[in-house]
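Only one structure is covered here, and it is reproduced in the block below.
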Amino acid sequence: MTKLPQFSCPICFTQLLKTDNSLVCENKHMFDYAKEGYINLLPVQLKNSLQPGDDKNMVLARRAFLSLGHYDFLRQALVKSLLTLPHNNIIDLGCGEGYYTDSIQSQVVDTNVYGVDISKSAVKYAAKRNKQVHYCVATNSHTPFSDNFSDLIVNVFAPLVGKECQRVLTEQGRILSVSPGAKHLIELKQIIYDTPQFHDAATPPDGFELAVQLDIEQVIVLDNKVDIENLLTMTPFGWKISEQNKQSLLSQLPFQLTLSFTLNQFVLAKF
Numbered sequence: 001m002t003k004l005p006q007f008s009c010p011i012c013f014t015q016l017l018k019t020d021n022s023l024v025c026e027n028k029h030m031f032d033y034a035k036e037g038y039i040n041l042l043p044v045q046l047k048n049s050l051q052p053g054d055d056k057n058m059v060l061a062r063r064a065f066l067s068l069g070h071y072d073f074l075r076q077a078l079v080k081s082l083l084t085l086p087h088n089n090i091i092d093l094g095c096g097e098g099y100y101t102d103s104i105q106s107q108v109v110d111t112n113v114y115g116v117d118i119s120k121s122a123v124k125y126a127a128k129r130n131k132q133v134h135y136c137v138a139t140n141s142h143t144p145f146s147d148n149f150s151d152l153i154v155n156v157f158a159p160l161v162g163k164e165c166q167r168v169l170t171e172q173g174r175i176l177s178v179s180p181g182a183k184h185l186i187e188l189k190q191i192i193y194d195t196p197q198f199h200d201a202a203t204p205p206d207g208f209e210l211a212v213q214l215d216i217e218q219v220i221v222l223d224n225k226v227d228i229e230n231l232l233t234m235t236p237f238g239w240k241i242s243e244q245n246k247q248s249l250l251s252q253l254p255f256q257l258t259l260s261f262t263l264n265q266f267v268l269a270k271f
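When we follow the UniProt record's numbering, the leftmost residue of the sequence shown carries the number 1, and every step to the right adds one.
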């Protein structure tokens with residue numbers, strides 16, 4: 001059974017307690033749950049724009065593309081790695097619309113799972129997907145958790161702030177992070193760029209070091225223009241590709257594409 005959430009106030013850092021449909025701290029800062037079941041813990045002073053993070057179009061495109069199952073092998077590998085690690089109070093930083101968070105929650109027992117994303121649009125859809133996850137709108141650089149709160153931070157393609165991860169994790173805590181592998185979407189890059197480059201290996205966040213690394217790869221075939229459009233929209237390539245190159249890409253269906261990922265386990269560095 002999912003326990004009550006243990007959020008901290010993003011303004012004064014004291015514990016938030018659930019009262020009716022709100023969270024309230026001892027200093028009377030109050031945050032109301034949205035009808036979808038998530039809580040917005042992103043104070044206006046921490047916003048860098050009116051609607052930070054992925055917009056609705058990007059969220060819906062990613063949701064549609066992921067529903068095809070092409071990234072299932074990554075999701076399975078992520079959960080398999082996670083289950084081998086201590087995982088009290090799992091935090092998915094940059095959870096998006098909850099594709100990975102949902103699977104994580106379904107595989108753990110008696111563990112609170114938290115999904116954090118700066119995009120209100122993404123968290124809204126994530127909360128609709130799974131009511132057992134504690135979802136909140138917040139920034140990865142200012143998370144609504146107490147010190148030494150979690151054994152495990154999960155992170156898929158989102159920025160990590162080392163100092164904040166150090167604060168939130170226990171001494172033996174880990175970050176399980178997914179980054180693009182060297183050849184990820186290389187065929188797409190060959191259409192967009194004159195001199196396409198392989199992805200660089202991910203570097204540990206400040207204060208962390210690499211403990212375990214796993215590379216996984218799979219080749220897929222896309223034969224639908226809508227799927228190509230959604231893939232472009234959910235990635236930075238959507239605004240990097242020229243119209244001419246886009247039409248060239250759409251004329252090459254079926255299109256073979258490499259999906260390449262690296263799963264990294266980062267631990268606190270020993271100085």
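From the three backbone atoms N, C-alpha and C, an ideal C-beta is built for every residue, glycine too.
Remember, predicted model here, so these are calculated numbers, not experimental data.
{"query": "Across the stretch 159-173 and the stretch 142-149, are there enough close Cβ pairs to call them in contact, namely three or more that are closer than 8 Å?", "result": "yes"}
{"query": "Taking only runs of the alpha helix (DSSP H) that begin and end inside the stretch 119-193, which ones reach a length of at least 4 residues, in chain order?", "result": "120-129, 162-168, 186-192"}
{"query": "So what does DSSP say about Q51, is it helix, strand or coil?", "result": "coil"}
{"query": "Helix, strand or coil for D227? Go by DSSP, reduced to three states.", "result": "helix"}
{"query": "Can you give the Cα-Cα distance for I11 and N27, rounded to whole angstroms?", "result": "10 Å"}
{"query": "Taking buried to mean at least 16 other C-beta atoms within 10 Å of its own C-beta, is P236 buried or exposed?", "result": "exposed"}
{"query": "Taking the beta carbon of G69 as the centre, do at least 16 other beta carbons fall within 10 Å, making it buried, or is it exposed?", "result": "exposed"}
{"query": "So, for N148: in the same chain, excluding its five sequence neighbours on each side, which residues have a beta-carbon less than 6 Å away from its beta-carbon?", "result": "T170"}
{"query": "Which term fits P205, buried or exposed, when burial requires 16 or more other beta carbons within 10 angstroms of its beta carbon?", "result": "buried"}
{"query": "L253: buried (16+ other C-beta within 10 angstroms of its C-beta) or exposed?", "result": "exposed"}
{"query": "Considering only their Cβ atoms, is the gap separating I90 from V108 smaller than 8 Å?", "result": "yes"}
{"query": "I'd like the span of the alpha helix (DSSP H) that includes D102, first residue to last.", "result": "99-107"}
{"query": "Take L93 as the anchor and find which of V123, T84, L85, F73 has the nearest alpha-carbon.", "result": "V123"}
{"query": "Using alpha carbons as the reference points, say which of L268, H199, V59 lies closest to G98.", "result": "V59"}
{"query": "Keeping to the same chain, check which residues put their C-beta closer than 7 Å to that of D32; ignore five residues upstream and five downstream.", "result": "N21, S22"}
{"query": "Would you report the Cα separation of M1 and F65, rounded to the nearest angstrom?", "result": "Bear in mind that a pLDDT of 42 at M1, under 50, signals an unreliable position, so the number given afterwards is only what the model happens to contain. If I take the Cα positions, the gap works out to 31 Å."}
{"query": "Kindly list the residues whose CB is nearer than 7 Å to the CB of I191, restricted to its own chain and excluding five residues on each side of it in sequence; keep chain order.", "result": "N245, S248, L249"}
{"query": "What is the rounded straight-line gap between the Cα of I220 and the Cα of L74?", "result": "13 Å"}
{"query": "Taking I39 as the reference, give the member of A138, I104, N130 with the closest Cα.", "result": "A138"}
{"query": "Rounding to the nearest angstrom, what Cα-Cα distance links C165 and Q45 in this structure?", "result": "21 Å"}
{"query": "Taking the alpha carbon of P180 as the reference point, which residue from S106, N155, R174 has its own alpha carbon closest?", "result": "N155"}
{"query": "Rounded to whole angstroms, what's the CA-CA distance from K18 to A127? Just pull it up for me.", "result": "17 Å"}
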